[in-house]
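Working notes for the structure below.
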Amino acid sequence: MKRARTPAAALFRRVFLINGLIFTLGTLILALSPATVSARIKLTEIPVLMVGLAIILTANGLLLRTSLAPLDRLAASMRRVDPPRRSDRVDDRNSGDLHHLITSFNAMLDRLESERTSASATALAAQENERQRIARELHDEIGQSLTVALLTLKRAVDRAPAAIRAELQDTQETVRASLDEVRSIARRLRPDALDDLGLQSALTALCNEFAQATGIAVVKHVVPQTDRLKPEVELVCYRIAQESLTNVARHADARKVWLDLHVTADRLTLRIADDGKGGVAMEGAGISGMRERALLVNADLTISSPPGEGTEVRLVIPLRSD
Ligand SMILES: Nc1ncnc2c1ncn2[C@@H]1O[C@H](COP(=O)(O)OP(=O)(O)O)[C@@H](O)[C@H]1O
Ligand SMILES: [Mg+2]
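In terms of the working numbering, the sequence shown opens at residue 24 and continues consecutively.
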């Protein structure tokens, strides 16, 4: 059977066929059965007509309903589409003449998702480059000037009269603290460890810094790895771990955090869990940023956060997908 060209034509043909079938059936029943209808209908013939009509309507309804059922699947799928999550495609088996409509819809989802992924990849790459540039400038320019100031102050302290020595030493401490702060901001913007030593070291540094800054205990389980992962995979993991830890510090009221990284031949799993108050209801810019990054590497990001039972962020990245 040749398929109709457009969904409207397909639908028209199907309804037309079904109704044709029903009318033919009705006509045949009238012609071949002993039932007759007079020109002016008699009272006794009314039940016969009613039964006939009921049969026709039921048959028509049943056939139309099964034919149009794929439309419900399609509408349900349209409602599920929820960027930036990856949505599933509508199953186009057993969809009869609506096959075209469903494959067009699936193809549209494919196009939208790939367009979205490439747009957010561009935006995130621009953001990363900008961070790298600012980090480098902070480190090289302000960092250098502060270092020079620190050395000059040190010489001044050594030669200063006792009356102003204490003040100079205070200034020296302030400059030293600013230098540390500039270095730590630069590191947060773009961790050198990630480029130079890989994800494991960068995550270790991140956890240590987090534990020091917040006083929350971190239980880290990162299996050491010999092979480096792809740079984009490492960056996605690092940024998601960073945002998750920031969220724990800001929102969770946690006493303990677990960070696990597990890499096998075909997948990487990163888990950040806390024992805080849980109950993430509204996803803000931080979490939607994590979802965008996860999409870039085709990963699954799930956040489970039952109220009172802590929050778990789990990222599963398929490796060797290409
Ligand atoms: N670990 C967590 N524990 C408890 N609540 C959290 C946690 N992480 C996120 N939340 C909640 O989810 C919301 C959204 O988080 P996010 O998208 O990162 O936005 P932001 O951190 O900018 O508020 C937060 O405002 C907070 O209420
Ligand atoms: Mg946040």
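Cβ coordinates follow ideal geometry from the N, Cα and C atoms, glycine included. Just so we're clear, the structure is a prediction, and the values are computed from it rather than from any experiment.
Nearest to residue i by CA position, among the options, is which residue?
i, options, result
"D250", "A288, A234, N231", "A288"
"E276", "R262, V286, G302, V256", "The sequence as given places Asp at residue 276; Glu does not occur at that position. Among R262, V286, G302, V256, the Cα nearest to that of D276 is on G302."
"A296", "A33, R278, G307, G309", "R278"
"Y261", "I41, A216, R206, S141", "A216"
"R159", "S143, I239, A234, L212", "L212"
"A31", "H123, R88, L48, G43", "H123"
"V374", "N117, L87, L86, N129", "Because the chain here runs from 24 to 345, residue 374 falls outside it and cannot be looked at."
"A308", "D323, S328, T269, E68", "T269"
"R139", "R108, Q155, A149, E164", "R108"
Report yes if the C-beta distance between residue i and residue j is below 7 Å; otherwise report no.
i, j, result
"A58", "V74", "no"
"M305", "E266", "no"
"I79", "I45", "yes"
"R294", "D283", "yes"
"D111", "I125", "no"
"G331", "D298", "no"
"V320", "V259", "yes"
"V242", "W281", "yes"
"V286", "Q248", "yes"
"V198", "L174", "no"
"R316", "T325", "no"
Please confirm whether any heavy atom of ligand 2 lies closer than 6 Å to the CB of residue i.
i, result
"R309", "Note that residue 309 is Gly in the sequence shown, not Arg. It does: the Cβ of G309 is within 6 Å (strictly closer) of some heavy atom of ligand 2."
Does the CB of residue i have a neighbour CB from chain C at under 7 Å?
i, result
"N83", "Among the chains of the structure shown, chain C does not appear; only one protein chain is present."
Does the Cβ of residue i lie closer than 6 Å to at least one heavy atom of ligand 1?
i, result
"T334", "yes"
"V271", "yes"
"E306", "yes"
"A296", "no"
"G331", "no"
"V171", "no"
"V205", "no"
Let me check one thing: in DSSP terms, what residues is residue i bridge-paired to?
i, result
"T325", "R337"
"I295", "L282, V336"
"R262", "BP columns for R262 are empty, so no partner."
"R316", "According to DSSP, R316 bridges with nothing at all."
"R108", "DSSP lists no partner for R108."
"R37", "Partner(s): none; R37 has no beta bridge."
"R290", "P341"
Exercise for the section: Just list the alpha helix (DSSP H) runs in the stretch 175-258, keeping only unbroken ones of 4 residues or longer that don't cross its boundaries, in chain order. Expected result: 185-212, 215-219, 222-237
Which residue spans inside the stretch 43-94 form an unbroken beta strand (DSSP E) run of at least 3? none
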